[in-house]
Amino acid sequence: MSDSDGATGVPWRSRRLYLLLATAAVAPLDVTIVGPALPAIADAFEVSSARSGLVITAFAAPGALLAPVVGMYADRLGRRRVIVPCLLIYGVAGVAVTLATELWMVLGLRAIQGSVGGSILASLTLALVGDYYDGPRRNAVMGVVSAGISFSAAAGPVLGGALATRSWDAPFYLYGTSVVVAALAYRYLDAPAAAGSGTDREGSYLRAALASLPAREAVAIYGATLVGFTLFFGGVLTAVPFLLEGTYGLASGRVGALVTGAMMVAAVVAVFNGRFARHLSNVGLITVGFVGYAAGLVGVWAAGSATAVLLALGVFGIGHGLLLPSVASALSALAGPEFRGGVMSLRTSVILGAQAVGPPLFTLPVTRLGVSYELPLALGGVGAALTAVGLFAAAGGRAGIGVAAAGDG
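For what it's worth, numbering that gives the first Met the number 0 labels the leading residue of the sequence shown as 0, then goes sequentially.
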């Protein structure tokens with residue numbers, strides 16, 4: 000059910016595009032709107048900050064395990080039959096948190112949300128982009144949808160923080176937007192029918208899905224995803240805030256503004272992914288993205304002021320904006336429609352794994368060895384540069400990263 004027709008631009012007049020953007024926009028509300036409310040949650044239920052932090056953990060843990068399973072059923076039953084219930088449950092469980100009178104109720108409802116929402120919804124949306132579009136137009140739409148996810152993620156802390164000043168549960172009312180999107184998707188989403196993989200058991204499906212992927216390309220793309228998001232979660236979202244606070248004396252509000260700036264740069268760059276894809280293959284764009292990661296992290300290490308850190312974060316944001324849609328496009332091209340949901344959902348598990356590994360990878364050297372945050376950030380930059388070199392070599396050099404390299408879509 001491809002909608003390419005030889006076109007390469009973004010189909011701005013398509014109703015389908017705006018449904019994809021709406022679905023993508025509610026996905027990042029998973030953690031971003033709740034984080035600012037954690038102190039208020041701790042006060043409301045008279046618990047420690049560590050226990051209130053379980054509100055985040057309770058959401059993330061189920062998704063890491065269940066994302067491939069949800070993707071499998073999206074492949075078997077059809078995208079629409081899975082994404083609509085996921086949107087509905089995600090929204091209803093989120094709003095139901097406002098009725099909780101004990102912390103365990105909040106945690107239970109958050110676990111239900113995490114089983115069907117957040118990054119799982121994002122992956123299902125990206126799988127739909129792969130179903131609908133081909134070639135450069137796929138890259139263009141992937142870029143716009145990825146930008147929508149980034150913009151929503153950047154706005155989440157602002158909305159959540161503003162609402163949390165009114166009451167601990169006010170941010171959770173925002174999940175009601177997911178119910179509205181579910182109704183719109185049920186009414187208007189012309190999702191592809193189930194592809195029919197011909198496998199009835201989960202184990203058979205997973206074996207067939209893995210066997211359908213070209214091993215070398217899949218390892219390269221999933222590996223790049225793991226490394227890239229480890230640098231993002233560990234370097235930019237964890238180490239950089241500590242560096243800005245400890246070395247430059249910035250308050251948390253200014254730290255958040257600098258990090259949000261990097262996310263906004265990434266969103267803007269992602270919008271133009273379709274244009275970049277006319278000149279470089281997906282692997283080529285990912286390789287250039289890692290060059291941006293390397294320059295950005297080394298730039299933070301070498302910076303002598305908060306302004307210089309901001310500029311370096313902008314360079315990192317350029318790399319992140321190249322990586323996000325290009326990885327999604329590459330994986331979508333590797334998988335046929337009968338396995339695309341599972342392949343894209345496995346990307347979610349990889350990202351959640353990076354979210355778990357990244358922060359301690361950048362903080363443990365500081366807490367255990369007594370080094371400054373500049374050192375792990377510099378080493379992260381070196382790792383990004385080596386990854387770029389490895390991808391360049393794996394693609395076969397300059398010829399392998401051009402648009403003529405059709406192996407990655």
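All residues carry an ideal CB built from backbone N, CA and C; glycine is no exception. Note that the structure is a prediction, hence the values are computed from the model and not measured.
From R79, P359 and S371, residue whose alpha carbon lies closest to that of R186 = Counted from its first residue, the sequence shown places residue 186 at position 187. If we check each option's Cα against that of R186, R79 comes out closest.
inquiry  = Considering only the alpha carbon of each residue, which of V370, S149 and V143 lies closest to M263?
reply    = Indexing the sequence shown from 1 puts residue 263 at position 264. If we check each option's Cα against that of M263, S149 comes out closest.
request  = Pull up the DSSP beta-bridge partners for L279, would you.
outcome  = Taking the first residue of the sequence shown as position 1, residue 279 is located at position 280. DSSP output for L279 lists G401 as bridge partner(s).
request  = Identify, in the order they occur along the chain, each residue of the same chain with its Cβ nearer than 7 Å to the Cβ of A92, setting aside the five sequence neighbours on each side.
outcome  = Taking the sequence shown and counting its residues from 1, one reaches residue 92 at position 93. The answer, listed in chain order, is L108, I111 and Q112.
request  = Give every residue of the same chain whose Cβ lies closer than 6 Å to the Cβ of N138, excluding the five residues on either side of it in the sequence, and list them in chain order.
outcome  = If you number the sequence shown from 1, residue 138 lands on position 139. If we look at N138 and ignore the five residues flanking it on each side, its Cβ neighbours are N272, G273, A276 and S328.
Residue burial classification, G248 (beta-carbon count within 10 angstroms, cutoff 16) = For the purposes of this step, residue 248 is identified with residue 249 of the sequence shown, where counting begins at 1. With fewer than 16 other Cβ atoms within 10 Å, it is exposed.
For L312 and A210, the rounded distance between their alpha carbons = For the purposes of this step, residue 210 is taken as residue 211 along the sequence shown, with counting starting at 1. For the purposes of this step, residue 312 is taken as residue 313 along the sequence shown, with counting starting at 1. Each residue's alpha carbon lies about 39 Å from the other.
inquiry  = Nearest by alpha-carbon distance to A57: which of S114, T22 and I88 is it?
reply    = One-based indexing of the sequence shown puts residue 57 at position 58. It is S114 whose Cα lies nearest to the Cα of A57.
Spatially closest choice to L87 from P358, V179, G288 and R346, by CA coordinates = Mapped onto the sequence shown, residue 87 falls at position 88. That would be V179, whose Cα lies nearest to the Cα of L87.
Secondary structure of P375, DSSP reduced to three states = Here residue 375 refers to the residue found at position 376 when the sequence shown is read from its first residue. Residue state, collapsed to three classes: helix.
task = Would you list, in sequence order, the uninterrupted beta strand (DSSP E) runs of no fewer than 3 residues that lie entirely inside the region 210–234?
result = none
key: Contact between the region 117–136 and the region 155–174 (3+ Cβ pairs under 8 Å)   = no
query = Alpha carbon to alpha carbon, what distance is there between A181 and I82?
reply = Looking up residue 82 in the sequence shown gives position 83. Looking up residue 181 in the sequence shown gives position 182. Distance between the alpha carbons of I82 and A181: 8 Å.
key: Opening and closing residue of the alpha helix (DSSP H) in which I40 lies   = What you label residue 40 is simply residue 41 of the sequence shown in a count that begins at 1. Run containing I40: L37 to F44, per the alpha helix (DSSP H) assignment.
key: Endpoints, alpha helix (DSSP H) assigned at A99   = Numbered from 1 along the sequence shown, position 100 holds the residue referred to as residue 99. Counting along the chain, A99 falls outside any alpha helix (DSSP H), and DSSP gives it neither H nor E.
query = In its own chain, which residues sit with a C-beta less than 7 Å from the C-beta of L36, not counting the 5 before and 5 after it?
reply = As a position in the sequence shown, residue 36 is number 37, starting the count at 1. In the sequence under discussion, the amino acid at residue 36 is Ala, which differs from the Leu named in the question. Here the set comprises G159, A163, W167 and P170.
ask   = So is G90 buried or exposed if we call it buried at 16+ other beta carbons inside 10 Å?
value = As a position in the sequence shown, residue 90 is number 91, starting the count at 1. Classification for G90: buried.
inquiry  = Taking 8 Å as the threshold (C-beta atoms), are L183 and A21 in contact?
reply    = Numbered from its first residue, the sequence shown carries residue 21 at position 22. Numbered from its first residue, the sequence shown carries residue 183 at position 184. Yes, the Cβ-Cβ distance between A21 and L183 is below 8 Å.
message = I'd like to check one pair, W300 with E244: are the Cβ atoms closer than 8 Å?
response = As a position in the sequence shown, residue 244 is number 245, starting the count at 1. As a position in the sequence shown, residue 300 is number 301, starting the count at 1. Against a cut-off of 8 Å, the Cβ pair of W300 and E244 comes out as no contact.
Cβ neighbour criterion (16 or more within 10 Å) applied to P27 = For the purposes of this step, residue 27 is taken as residue 28 along the sequence shown, with counting starting at 1. Under this definition P27 is a buried residue.
Exposed unless 16 or more other CB atoms sit within 10 angstroms - verdict on P213 = As a first step, residue 213 is located in the sequence shown; it is residue number 214 there, counting from the start. So P213 counts as exposed.
query = Taking buried to mean at least 16 other C-beta atoms within 10 Å of its own C-beta, is E45 buried or exposed?
reply = Working through the sequence shown from its first residue, we reach residue 45 at position 46. Per the 10 Å Cβ criterion, exposed.
task = Could you pull the start and end residues of the alpha helix (DSSP H) that P358 belongs to?
result = As a working note, residue 358 is residue 359 in the sequence shown. P358 -> alpha helix (DSSP H) spans R339 to L368.
C-beta contact flag for V287 and L279 at 8 Å = Position 288 of the sequence shown holds residue 287. Position 280 of the sequence shown holds residue 279. In contact: V287 and L279 (Cβ atoms closer than 8 Å).
key: Exposure label - A293; buried when at least 16 CB within 10 Å   = Stepping through the sequence shown from its first residue, residue 293 is reached at position 294. Under this definition A293 is a buried residue.
query = From G291 to A219, what distance separates their C-alpha atoms?
reply = Locating residue 291 in the sequence shown gives position 292, where the first residue counts as 1. Locating residue 219 in the sequence shown gives position 220, where the first residue counts as 1. As the crow flies, the alpha-carbon of G291 is around 18 Å from that of A219.
request  = Excluding the 5 residues preceding and the 5 following G8 in the sequence, name in chain order all residues of the same chain whose CB lies nearer than 8 Å to its CB.
outcome  = Walking along the sequence shown from the start, residue 8 turns up at place 9. Closer than 8 Å at the Cβ level, and outside the excluded window around G8, lie R136, A139 and G273.
Sub-8 Å separation of P359 and D130 beta-carbons = Along the sequence shown, one-based indexing puts residue 359 at 360. Along the sequence shown, one-based indexing puts residue 130 at 131. Not a contact, by the Cβ cut-off of 8 Å.
request  = Compare the beta carbon distance of A73 and L123 with 8 Å and say whether it is the shorter of the two.
outcome  = Numbered from its first residue, the sequence shown carries residue 73 at position 74. Numbered from its first residue, the sequence shown carries residue 123 at position 124. Result yes, Cβ atoms of A73 and L123 sit closer than 8 Å.
task = Could you check what DSSP says for D189 in three-state terms: helix, strand or coil?
result = For the purposes of this step, residue 189 is taken as the residue at position 190 of the sequence shown. Coil, per DSSP.
ask   = Any idea what DSSP makes of S196, helix, strand or coil?
value = In the sequence shown, the residue the question calls residue 196 occupies position 197. Residue confidence for S196 is low, a pLDDT of 49 falling below 50, so the modelled location carries little weight; the figure read from the coordinates is stated next. In this structure, S196 counts as coil in the three-state DSSP scheme.
inquiry  = For a test of the three-state rule: what should DSSP assign to I32, helix, strand or coil?
reply    = Numbered from its first residue, the sequence shown carries residue 32 at position 33. Of the three classes helix, strand and coil, the one that applies to I32 here is coil, per DSSP.
inquiry  = Let's test the definition: count the other Cβ atoms within 10 Å of the Cβ of D42 and tell me whether it reaches 16, buried, or not, exposed.
reply    = Counted from its first residue, the sequence shown places residue 42 at position 43. That one is exposed.
task = List the whole-angstrom C-beta distance separating A146 from V258, where the pair is believed to meet the contact cut-off of C-beta under 8 Å.
result = Working through the sequence shown from its first residue, we reach residue 146 at position 147. Working through the sequence shown from its first residue, we reach residue 258 at position 259. Not a contact, Cβ separation roughly 17 Å.
ask   = Short check: CB of G155 to CB of T31, under 8 Å?
value = By one-based count along the sequence shown, residue 155 stands at place 156. By one-based count along the sequence shown, residue 31 stands at place 32. Taking the C-beta atoms as reference points, T31 is found nearer than 8 Å to G155.
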